[in-house]
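Scroll down for the structure; my scribbles are underneath it.
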Amino acid sequence: TVPGELKWAASPSEGGWEEVSIMDEKNIPIRTYQVCNVLEPNQNNWLRTDWIPRSGAQRVYVEVKFTLRDCNSLPGVTGTCKETFNLYYHESNEDRESYIKESSFIKVDTVAADESFTQVDVGDRIMKLNTEVRDVKVTTRKGFYLAFQDVGACIALVSVRVFYKTCPLTIRNLATFPDTITGADTSSLVEVRGSCVNQSEEREEPKMYCGADGEWLVPIGGCFCSPGYEEKGGACKACSAGFYKAKSSDAGCFKCPPHSHSVRDGATVCDCHSGFFRADSDPPSMACTQPPSAPQQLISVVNETSVVLEWAPPRRLGGRSDTNYPRMGSGSISSSQLCLPCGSDVLFSPGQTGLKTSRVVVSELRAHTHYTFIVHARNGVSQASGAGAAQSVSVSVTTNQAAPSPVSSILAIDVTRHSLSLSWQQPDRPNGVILEYEVKFYEKDQKERSYRIMRTFSRSVDVTGLNPLTVYVFHVRARTAAGYGEFSAPFEFSTNSGIHAVKFKIIARMLSLVFFICVLNLHHLCLIRRSKYSKTKQDSEEEKHLNPGVKIYVDPFTYEDPDQAIHEFAKEIDVSSIHIEKVIGMGEFGEVCSGRLRVQGKREIYVAIKSLKAGYSDKQRRDFLSEASIMGQFDHPNIIRLEGVVTRCKPLMIITEYMENGSLDAFLRKHDGQFTVIQLVGMLRGIASGMKYLSDMSYVHRDLAARNILVNSNLVCKVSDFGLSRVLEDDPEAAYTTRVRRKIPIRWTAPEAITYRKFTTASDVWSYGIVMWEVVSYGERPYWDMNNQDVIKAIEEGYRLPAPMDCPVVLHQLMLDCWERERAERPTFSQILNMLDKLIRNPGTLRRTGGDSTWVYPLNTAWCASVCLNIYLCLCTRREMDRLGIITPSHQNILIASVQQEVLSQMQHMQHSMVPV
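Residues in the sequence shown are numbered from 1 upward in steps of one, following full-length UniProt numbering.
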């Protein structure tokens with residue numbers, strides 16, 4: 001669009017590129033650079049732009065519009081004519097290049113025309129413009145040059161436009177995100193922190209990611225409008241008069257509650273009208289209220305030394321529901337006519353303070369005493385209003401004569417074989433003159449079926465005629481003119497001196513039984529050779545037939561409506577329960593983020609969140625949700641757990657448990673050589689357990705590989721990625737043929753699946769053998785740098801992966817069994833799981849690697865069961881002896897040590913009995 005001459009540098013300066021003005025199809029003059037030396041061979045014509053400042057861009061885009069003459073339309077042209085030109089760039093910190101140094105330029109691309117023109121076209125004034133866009137990564141200098149190389153074409157440059165992309169200034173979740181230049185790579189995401197708009201505060205750090213195409217992605221966090229302000233049109237506006245907003249988390253401004261007002265904009269709380277109050281604990285949304293009036297109709301009923309008080313609630317509650325009677329005031333008039341507060345021994349039921357009911361029972365009062373009771377009525381604003389003690393009512397009563405309180409303690413002064421001398425203190429509340437005491441006693445074994453009564457005027461008594469070595473129970477009560485009080489609590493005394501005979505029980509039978517079983521273990525050593533997999537396979541088939549209730553997987557693709565499948569197998573999650581924290585990757589359908597899931601009634605957990613990007617098709621939506629429909633049918637500790645889905649709002653999300661250590665292959669490469677063999681076998685055992693669960697459900701994974709195994713913080717491996725997985729038919733020998741010709745992971749796939757596209761559980765077993773090799777080799781690439789065709793050919797010729805370094809022989813043999821050419825010869829996942837369990841129980845078998853001699857322990861299940869029985873009987877014996885109290889802890893330890901020694905001696909004997917295989 002420059003109207004004057006550009007004067008770009010050209011080489012050679014004569015006979016090469018020329019700056020020419022021409023008329024376009026609208027007869028408007030435009031500037032062009034042209035070159036057409038098609039008749040001369042070996043053309044090398046360069047045209048360089050002026051220095052272009054980078055302006056912070058990391059990747060620039062060059063749009064070139066040009067016309068190009070068809071070589072066939074040029075008469076007499078030989079093979080020297082070209083229909084392309086080359087685009088170059090060179091970075092520089094300043095504009096000081098006065099000439100073109102071809103060697104310093106880097107080639108961007110060779111540009112060809114989509115349409116070319118002939119001379120006739122020009123005569124008709126039809127300009128066939130070609131538009132091509134190329135992108136260039138510029139990050140090392142302050143600016144750059146562009147250069148165009150002609151190698152023998154008839155071409156005219158009509159327009160060169162250089163630009164870069166930015167994510168424009170935007171406001172999202174009340175946070176402003178500035179104009180941001182995209183990243184250097186086409187797949188890079190630039191993290192940008194937003195700043196809260198005016199009159200707002202940060203709810204959670206606002207972040208977004210600027211994509212390479214200039215679009216904002218994955219908003220995280222945001223801001224709240226400050227108290228007194230509400231969101232309107234992406235900004236925070238002050239609440240108008242008569243409205244308020246107390247907390248930033250409130251949705252908006254609210255109208256002032258009853259009996260309150262606000263006279264200024266931006267109020268955070270409304271002031272109460274005159275005569276109305278708000279308690280400190282009252283929320284701003286609560287109406288202003290008043291203190292209550294005094295309680296009504298206070299009445300009293302005296303029963304000896306107890307008083308029942310009842311009253312009616314206040315006539316005016318002040319508009320509140322928290323009216324209470326904070327303190328039951330009371331006082332007594334003594335002989336000196338002074339009003340004294342009641343002592344702590346007076347009992348109030350249900351209590352003296354904080355009463356919610358309008359009835360209270362006061363007991364343990366003194367007899368023949370005058371009392372005054374005051375009942376206060378208060379609510380939450382009584383203190384704020386200064387109304388305190390004004391809302392109260394009182395009543396005066398006089399207590400009657402009452403029986404004495406129970407005796408609190410009894411002491412045995414003298415004890416013989418046939419008599420007891422007892423004494424006690426006067427009751428705490430005699431309530432008059434004590435006339436006599438009554439003593440009730442009986443033998444403890446007889447309880448109260450047969451008892452005797454003694455009376456005395458003093459606070460002691462001698463009880464005679466008792467049986468020797470017998471425990472007696474005693475109760476004492478006092479009598480005044482008002483009658484007997486209650487008996488005291490029971491007190492036990494024995495006529496003997498406290499010595500009890502101890503009977504010891506004989507345990508020789510238990511000890512001899514344990515010793516006999518230990519000796520029998522010496523005869524339980526034998527070497528059992530089992531068939532390779534046939535019997536185990538038969539047992540597993542029988543077990544499968546004996547368990548007809550095994551859950552069978554349902555293919556979600558059989559549902560006509562995919563939403564029906566997702567609602568049947570997956571739980572819908574409220575999007576407000578999901579808290580996205582950061583982007584951890586890019587999936588096939590959109591971003592993959594990590595975050596937290598808060599479900600009411602459950603603890604907060606970390607989750608992974610897959611989202612479906614905008615602009616998806618119906619097929620993409622169905623494929624995206626089908627993976628959740630598949631995962632939702634599985635419930636196993638070694639299968640990735642589906643937490644739920646979000647389908648009722650956009651973007652659509654799949655929520656799964658978060659696996660901290662990521663994929664197994666990357667995790668092993670990161671920790672190369674840092675695990676023991678038994679730890680690696682434990683990982684393989686978890687994968688086999690998950691695959692056995694899938695195979696029991698008649699489910700074929702089809703893409704089992706270490707990259708599709710996820711590892712959590714406890715090194716638990718879980719099978720994931722069910723995008724390629726499909727289901728078997730009812731016939732266990734049937735195989736599934738893929739609906740779509742999708743790429744197959746050759747290095748992990750069984751030969752019959754590659755050749756015929758037939759997938760079965762046996763093909764998953766082949767893949768599992770490859771996973772074993774990956775785990776033992778710490779994430780090495782199977783078949784290394786061989787291409788797929790070489791891998792297929794090698795497998796067909798019988799080649800199998802060799803044992804990785806330091807790989808136990810038994811593990812490599814298990815891999816080879818998984819790679820049998822015939823499907824029927826491969827072990828099942830149930831057999832694999834049993835084999836790994838045996839290796840874990842006998843870690844000595846994992847010590848031999850390639851080149852060592854093989855030794856095995858000749859022990860069988862009978863011997864193991866016998867040893868376990870020994871330990872169990874010893875524990876039972878020890879527990880029984882402990883219960884009977886007939887042997888000391890040191891004797892118990894001696895017994896256990898003797899059994900341990902017997903087991904050790906048997907193990908030594910077994911060690912000498914090892915035989916080579």
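Even glycine gets a Cβ: it sits at the ideal position worked out from N, Cα and C.
Nearest-angstrom beta carbon gap, residue j and residue i [assumed within contact, 8 Å]
| i | j | result |
| --- | --- | --- |
| Lys692 | Ser830 | 6 Å |
| Ser629 | Phe569 | 5 Å |
| Gln296 | Pro314 | 7 Å |
| Cys239 | Cys223 | About 17 Å; that fails the 8 Å criterion. |
| Asp721 | Asp696 | No, Asp721 and Asp696 are not in contact; Cβ-Cβ is about 20 Å, not under 8 Å. |
| Pro804 | Glu822 | At roughly 25 Å, the Cβ-Cβ gap does not stay under 8 Å, so Pro804 and Glu822 are not in contact. |
| Thr289 | Arg320 | 5 Å |
| Ser594 | Tyr658 | 6 Å |
| Leu411 | Ser423 | 5 Å |
Extent of the continuous beta strand (DSSP E) to which residue i belongs
| i | result |
| --- | --- |
| Tyr33 | 29-36 |
| Asp414 | 410-415 |
| Phe373 | 370-376 |
| Gln789 | No beta strand (DSSP E) holds Gln789; the alpha helix (DSSP H) holding it covers 788-796. |
| Gln425 | Careful: Gln425 lies outside any beta strand (DSSP E) and carries neither H nor E. |
| Val775 | Taken as a continuous stretch (DSSP letters only), Val775 belongs to no beta strand (DSSP E), being part of the alpha helix (DSSP H) at 761-776. |
| Ala642 | In the sequence under discussion, the amino acid at residue 642 is Leu, which differs from the Ala named in the question. Where Leu642 is concerned, the enclosing beta strand (DSSP E) stretches over 642-646. |
Straight-line gap, residue i to residue j (C-alpha atoms, nearest Å)
| i | j | result |
| --- | --- | --- |
| Ile578 | Leu597 | 5 Å |
| Asn575 | Ser358 | One detail in the question is off: residue 575 reads as Val in this sequence, not Asn. Cα to Cα, the separation comes out at about 48 Å. |
| Tyr553 | Cys256 | 58 Å |
| Arg452 | Phe441 | 6 Å |
| Pro258 | Gly214 | 51 Å |
| Val791 | Arg747 | 7 Å |
| Arg264 | Pro227 | 14 Å |
| Gln446 | Val461 | 22 Å |
| Ile640 | Phe66 | 55 Å |
| Lys758 | Thr647 | 34 Å |
| Lys571 | Gly632 | 8 Å |
| Ala614 | Thr84 | 38 Å |
| Phe117 | Thr32 | 16 Å |
| Val395 | Ala481 | 28 Å |
| Gly483 | Glu304 | 12 Å |
| Val160 | Leu146 | 10 Å |
| Ile369 | Val397 | As written in the sequence, residue 369 is Thr, which differs from the Ile given in the question. In a straight line, the C-alpha of Thr369 is about 8 Å away from that of Val397. |
| Lys247 | Val269 | 10 Å |
| Glu443 | Arg477 | 19 Å |
| Tyr783 | Leu833 | 26 Å |
| Pro292 | Ser382 | 8 Å |
Sheet register partners of residue i (DSSP bridge)
| i | result |
| --- | --- |
| Gly143 | Pro53, Ser92 |
| Tyr209 | Glu191, Leu217 |
| Phe163 | Tyr61 |
| Ala808 | Checking the sequence shown, residue 808 turns out to be Pro, not Ala. Paired residue(s): Thr849. |
| Lys582 | Ser594 |
Exposed unless 16 or more other CB atoms sit within 10 angstroms - verdict on residue i
| i | result |
| --- | --- |
| Ser274 | exposed |
| Gly690 | buried |
| Arg449 | exposed |
| Asp665 | buried |
| Cys649 | exposed |
| Phe177 | buried |
| Pro404 | buried |
| Phe504 | With a pLDDT of 30 at Phe504, under the threshold of 50, the modelled position of that residue is not reliable, and the figure given next carries that caveat. When all chains shown are included, Phe504 counts as exposed. |
| Asp774 | The question names Asp, but residue 774 in the sequence shown is Glu. Counting Cβ neighbours within 10 Å, Glu774 comes out buried, since at least 16 surround it. |
| Pro827 | buried |
| Phe144 | buried |
| Asn708 | buried |
| Phe457 | exposed |
Boundaries (first-last residue) of the alpha helix (DSSP H) holding residue i
| i | result |
| --- | --- |
| Ile566 | 562-569 |
| Asp623 | 618-631 |
| Ser713 | Run containing Ser713: none; DSSP gives neither H nor E here. |
| Thr323 | No alpha helix (DSSP H) contains Thr323, which DSSP labels as neither H nor E. |
| Glu230 | Taken as a continuous stretch (DSSP letters only), Glu230 belongs to no alpha helix (DSSP H), being part of the beta strand (DSSP E) at 229-232. |
| Gln297 | No alpha helix (DSSP H) holds Gln297; the beta strand (DSSP E) holding it covers 296-303. |
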